[in-house]
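Colleague:
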Amino acid sequence: MKKILLLSILTLSVISLTLNSCKKDKPDTETQSTVDNNICESEFTKILPNVNSIATRQNGIRTTVCPTVFVDPLDTLNGFPVTMTIDYGTACTDSIDGKLRKGKIICVFSSKWSSIGSSIKVNLVNYSVNNISYSADSIKISRTAATSFTNVVYDGKCSSSSFNLLWKGTFTLSQTAGSATLYPYDDVFEVSGSANGKNRNNLDYTTTISSPLVKRSSCGWIESGKLVLTPSGMEPRTVNFGNGNCDNQALLTIKDNTFTFTMN
Numbered sequence: 013m014k015k016i017l018l019l020s021i022l023t024l025s026v027i028s029l030t031l032n033s034c035k036k037d038k039p040d041t042e043t044q045s046t047v048d049n050n051i052c053e054s055e056f057t058k059i060l061p062n063v064n065s066i067a068t069r070q071n072g073i074r075t076t077v078c079p080t081v082f083v084d085p086l087d088t089l090n091g092f093p094v095t096m097t098i099d100y101g102t103a104c105t106d107s108i109d110g111k112l113r114k115g116k117i118i119c120v121f122s123s124k125w126s127s128i129g130s131s132i133k134v135n136l137v138n139y140s141v142n143n144i145s146y147s148a149d150s151i152k153i154s155r156t157a158a159t160s161f162t163n164v165v166y167d168g169k170c171s172s173s174s175f176n177l178l179w180k181g182t183f184t185l186s187q188t189a190g191s192a193t194l195y196p197y198d199d200v201f202e203v204s205g206s207a208n209g210k211n212r213n214n215l216d217y218t219t220t221i222s223s224p225l226v227k228r229s230s231c232g233w234i235e236s237g238k239l240v241l242t243p244s245g246m247e248p249r250t251v252n253f254g255n256g257n258c259d260n261q262a263l264l265t266i267k268d269n270t271f272t273f274t275m276n
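Right, dumping it as structure tokens:
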């Protein structure tokens, strides 16, 4: 009887060790949060550079191939707030980064945009980029120094026919090039901050930028920098956006495994 009992205990122990070993060896391959965060973060942090490049050189109504810009009232000397509407119409290819945009970005300026402490409330109206819709309960941009800004997005939503994403974040953007010219294509911004969201599979995640993300206005993607993304209940993983080349490739590292993914 003792031998049978001992054999049973040994058998159960082996089974338990085998199951635990299988559980430990199962790799973490959750990449969806990284892909979905990039869909939201890339565009919500692009709004400030777009608005800033237009606001610093805009006066009255400007009609170009894409977009059309309206300022109301035209005479900003008569006081603020002033509303600037960036209108991409039913769809057009953005003349700066080449992406297909439609809808409107409506910006309400609290005071002259060159003044330290001035702010912009941004409203996205039927706005989409490459057929992905973007909206938010509130977007506020503030100028904290001559070339430094904060960008706060409350309850952002990014959606298409196949997914619905939730996202919000607080960021600091510093303009490192292009502030001395009215030419929008030479603008370069460094982005730092944090965000949290819910991916298309309803998994929550948080992000923190560990090395400033570099965004060049003339490039459709983040060119360099790193962030740490942590899905709920999982290990942190690092996203490396490269070394300065303008391409849509980035690297995701989870423990000892590295994956290449294509940015939106």
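Each step along the sequence shown adds one to the number in our numbering, with nothing skipped, and position 213 is 225. Quick reminder that beta carbons are idealized off the backbone N, C-alpha and C, glycines included. No experiment lies behind these values; they were computed from the predicted model shown.
Among LYS133, PRO39, PHE175, which has the Cα closest to the Cα of ASN214?
Modeller: For the purposes of this step, residue 214 is taken as residue 202 along the sequence shown, with counting starting at 1. The residue with the shortest Cα to Cα distance from ASN214 is PHE175.
Colleague: In terms of alpha-carbon separation, which member of ARG155, GLY110, SER147, TYR146 lies closest to GLY129?
Modeller: For the purposes of this step, residue 129 is taken as residue 117 along the sequence shown, with counting starting at 1. Out of ARG155, GLY110, SER147, TYR146, ARG155 has the C-alpha closest to the C-alpha of GLY129.
Colleague: Have a look at the DSSP bridge pairing and note the partners of ARG212.
Modeller: Taking the sequence shown and counting its residues from 1, one reaches residue 212 at position 200. DSSP, once it has assigned bridges, lists no residue as partnering ARG212.
Colleague: Identify the continuous alpha helix (DSSP H) that holds ALA67 and give its terminal residues.
Modeller: In the sequence shown, residue 67 corresponds to position 55, counting from 1. Per DSSP, the unbroken alpha helix (DSSP H) holding ALA67 starts and ends at 59-67.
Colleague: Do ILE144 and SER172 have their beta-carbon atoms positioned less than 7 Å apart in this structure?
Modeller: Taking the sequence shown and counting its residues from 1, the one referred to as residue 172 is at position 160. Taking the sequence shown and counting its residues from 1, the one referred to as residue 144 is at position 132. Yes, these two residues count as a Cβ contact at 7 Å.
Colleague: Taking 7 Å as the threshold (C-beta atoms), are PHE201 and PRO79 in contact?
Modeller: The count along the sequence shown starts at 1 and reaches residue 79 at position 67. The count along the sequence shown starts at 1 and reaches residue 201 at position 189. Against a cut-off of 7 Å, the Cβ pair of PHE201 and PRO79 comes out as no contact.
Colleague: Would you give the residue range spanned by the beta strand (DSSP E) that ILE132 belongs to?
Modeller: The residue labelled residue 132 in the question sits at position 120 within the sequence shown. Looking at the DSSP string, the run of the beta strand (DSSP E) that includes ILE132 is 131-141.
Colleague: From the DSSP output, in three-state form, read off TYR197 for me.
Modeller: As a working note, residue 197 is residue 185 in the sequence shown. Helix, per DSSP.
Colleague: Measure the alpha-carbon distance for ALA157 versus LYS38 and round it to whole angstroms.
Modeller: Position 145 of the sequence shown, counted from the start, is the residue given in the question as residue 157. Position 26 of the sequence shown, counted from the start, is the residue given in the question as residue 38. Cα to Cα, the separation comes out at about 49 Å.
Colleague: Please give the ranges of any beta strand (DSSP E) in the region 155-197, keeping only runs that are unbroken, at least 3 residues long and fully inside the region.
Modeller: 160-171, 176-189, all fully within the region 155-197.
Colleague: Please list, in chain order, all residues of the same chain as ILE132 whose beta carbon is under 6 Å from its beta carbon, the five residues on each side excluded.
Modeller: Sequence index remark: in the sequence shown, residue 132 carries index 120 (1-based). Cβ neighbours of ILE132 beyond the five flanking positions: CYS119, PHE121, ILE153.
Colleague: I'd like to know if the region 157-166 and the region 104-120 are in contact, where contact means that at least 3 CB-CB pairs between them fall below 8 Å.
Modeller: no
Colleague: Tell me which residue opens and which closes the alpha helix (DSSP H) that ASN49 is part of.
Modeller: As a first step, residue 49 is located in the sequence shown; it is residue number 37 there, counting from the start. 44-56 is the span of the alpha helix (DSSP H), which, as asked, contains ASN49.
Colleague: Might you give, ordered along the chain, the residues of its own chain that have their beta carbon closer than 6 Å to the beta carbon of MET275, omitting 5 neighbours on each side?
Modeller: Walking along the sequence shown from the start, residue 275 turns up at place 263. Counting only Cβ-Cβ distances below 6 Å, and skipping sequence neighbours, we find ASN50, TRP233, ASN260, ALA262.
Colleague: Relative to the C-alpha of ARG113, which residue among ILE59, ASN211, PHE271 is closest?
Modeller: Residue 113 sits at position 101 when you count from the first residue of the sequence shown. Of ILE59, ASN211, PHE271, the residue nearest in Cα terms is ILE59.
Colleague: Looking at the structure shown, is ASN252 part of a helix, part of a strand, or coil, going by DSSP?
Modeller: Walking along the sequence shown from the start, residue 252 turns up at place 240. Strand, per DSSP.
Colleague: Would you check if the distance between the CB atom of LEU225 and the CB atom of VAL203 is smaller than 7 Å?
Modeller: Position 213 of the sequence shown, counted from the first residue, corresponds to residue 225. Position 191 of the sequence shown, counted from the first residue, corresponds to residue 203. Cβ atoms of LEU225 and VAL203: closer than 7 Å.
Colleague: Alpha carbon to alpha carbon, how far is ILE98 from VAL141?
Modeller: In the sequence shown, residue 98 corresponds to position 86, counting from 1. In the sequence shown, residue 141 corresponds to position 129, counting from 1. Those two C-alpha atoms are separated by around 14 Å.
Colleague: For CYS34 and THR41, I'd like the C-alpha separation in whole angstroms.
Modeller: Locating residue 34 in the sequence shown gives position 22, where the first residue counts as 1. Locating residue 41 in the sequence shown gives position 29, where the first residue counts as 1. Below a pLDDT of 50, predicted positions are generally treated as unreliable, and CYS34, at 48, falls in that range; the measurement from the model is reported next regardless. When rounded, the distance between both Cα atoms is 15 Å.
Colleague: Go ahead and pull the three-state DSSP assignment for ILE117.
Modeller: Here residue 117 refers to the residue found at position 105 when the sequence shown is read from its first residue. In the structure shown, ILE117 sits in a strand (DSSP, three-state: E or B).
Colleague: Less than 6 Å between the CB of SER171 and some heavy atom of the ligand GTP, yes or no?
Modeller: This structure lacks the ligand GTP; in fact it carries no ligand of any kind.
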